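K.L.:
This is the structure, below, for whatever I ask next.
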Amino acid sequence: MTIREILNTTEHRPWKMPTENWKFYQEWNNAIFLHWQVELSELKKFVPKELEIDLFDGKPWISVVAFTMEK
Numbered sequence: 002m003t004i005r006e007i008l009n010t011t012e013h014r015p016w017k018m019p020t021e022n023w024k025f026y027q028e029w030n031n032a033i034f035l036h037w038q039v040e041l042s043e044l045k046k047f048v049p050k051e052l053e054i055d056l057f058d059g060k061p062w063i064s065v066v067a068f069t070m071e072k
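Numbering-wise (this note's numbering), the sequence shown opens with residue 2 and increments by one.
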């Protein structure tokens, strides 16, 4: 799929495409997404109590994303 085709795919978007030129553009290349399920009790040790920890299927996960950003 080309960038133009991706940008023209809008059925999933809850908003209309902008009519003006884009103000910013970036590419994420050489990306890797790593995810680990962790114990909630262990994660709470590192997260301020004022923040709510999101759960997926009732379990907390930690994610690390590494990439090179170009253009």
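In this text, a Cβ means the ideal position worked out from N, Cα and C, and glycines have one as well. The model shown is predicted, which means the values in this text are computed figures rather than measured ones.
Would you list, in sequence order, the uninterrupted beta strand (DSSP E) runs of no fewer than 3 residues that lie entirely inside the stretch 24–63?
P.N.:
The stretch 24–63 contains these whole beta strand (DSSP E) runs: 28–38.
K.L.:
Measure the alpha-carbon distance for L44 versus F34 and round it to whole angstroms.
P.N.:
Approximately 19 Å between the Cα atoms of the pair.
K.L.:
So the alpha helix (DSSP H) N9 belongs to, where does it begin and stop?
P.N.:
Residues I4 to N9.
K.L.:
Cβ of P61 within 8 Å of Cβ of V39?
P.N.:
Yes, the Cβ-Cβ distance between P61 and V39 is below 8 Å.
K.L.:
Output the distance between the C-alpha atoms of Q27 and K72, rounded to the nearest integer angstrom.
P.N.:
In a straight line, the C-alpha of Q27 is about 5 Å away from that of K72.
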